[in-house]
Amino acid sequence: MDRRGDNLADEWPPLRTITDLALRKWHVRLTCPDCKHVRVMSGAGMWYLFDRKRWPDDIPSARKRFYCSLCRCNRRVKIRPQIDKTHDTPTGPKLPDPSDYDWKKLIARYRS
Ligand SMILES: [Zn+2]
């Protein structure tokens, strides 16, 4: 039984990276475990961001790139969000989506 509480292991093979989520057309839901603030980010946009910055995109590393903006604002603490997959519409400032060219490059990289 998975006790982390996220839903990334529902799928087989489990989703381990932002790339996995993007490739399978999921969006990324960030939930603050403290105040329950939720932000949904475009999976493709997030993958593109991580790819451009060359950030490791495994889920534990990805969590460290984010913190809850409300808790940061109200209480000056940085709370790492939980990461889930979702089909909800992305919220908040929009991440640029990859161009067709970059998207095809990603697919090609994982098709071999
Ligand atoms: Zn919060």
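For the sequence shown, the residue numbers in my numbering are 21 to 132. Here a beta-carbon is modelled for each residue, glycine too, at the ideal position from N, C-alpha and C.
**Of the residues 97, 41, 125, 117, the one placed nearest residue 82, counting alpha carbons only** = The sequence position of residue 82 within the sequence shown is 62, counting from 1. When only C-alpha atoms are compared, the closest one is 41.
**Asked** From this set, 34, 30, 80, which residue's C-alpha is nearest residue 100's C-alpha?
**Response** Reading the sequence shown from its first residue, position 80 is the one you call residue 100. Measuring from the Cα of residue 100, the nearest candidate turns out to be 80.
**Message:** Closer than 6 Å between the C-beta and any heavy atom of ligand 1: which residues qualify, listed along the chain?
**Reply:** Counting only heavy atoms of ligand 1, the residues whose C-beta sits closer than 6 Å to one of them are, along the chain, 52, 54, 55, 57, 88, 90, 91, 99.
**Request:** Write down every uninterrupted run of the alpha helix (DSSP H) in the stretch 58 to 98 whose length is 4 residues or greater and which is fully enclosed by it, in chain order.
**Result:** Runs of alpha helix (DSSP H) with 4 or more residues, each lying fully within the stretch 58 to 98, are found at 63 to 73, 79 to 83, 89 to 95, listed in chain order.
**Prompt:** In the DSSP assignment, what residue or residues form a beta bridge with residue 105?
**Reply:** Here residue 105 refers to the residue found at position 85 of the sequence shown. 48, per the DSSP bridge assignment.
**Item:** Integer Cβ distance of residue 90 from residue 55, believed to fall under 8 Å
**Value:** Numbered from its first residue, the sequence shown carries residue 90 at position 70. Numbered from its first residue, the sequence shown carries residue 55 at position 35. Sure, about 6 Å apart at Cβ, within 8 Å.
**Request:** For my contact list, residue 116 and residue 65 are in at a C-beta cut-off of 8 Å; report their separation, rounded to the angstrom.
**Result:** Taking the first residue of the sequence shown as position 1, residue 116 is located at position 96. Taking the first residue of the sequence shown as position 1, residue 65 is located at position 45. In this structure, residue 116 and residue 65 form a Cβ contact; the two beta carbons are roughly 6 Å apart against a cut-off of 8 Å.
**Short Cβ contact (8 Å threshold) for residue 70 with residue 38** = By 1-based counting over the sequence shown, the position of residue 70 is 50. By 1-based counting over the sequence shown, the position of residue 38 is 18. Residue 38 sits close to residue 70, with the two beta carbons spaced by under 8 Å.
**Request:** State the DSSP-derived secondary structure class of residue 37, mapped to helix, strand or coil.
**Result:** Within the sequence shown, residue 37 is the residue found at index 17, counting from 1. The three-state reading of DSSP puts residue 37 in strand, counting E and B together.
**Request:** Starting from the C-beta of residue 77, find all residues in its chain whose C-beta is less than 6 Å away, skip the five residues before and the five after it, and write them out in chain order.
**Result:** One-based indexing of the sequence shown puts residue 77 at position 57. Here the set comprises 37, 38, 39, 70.
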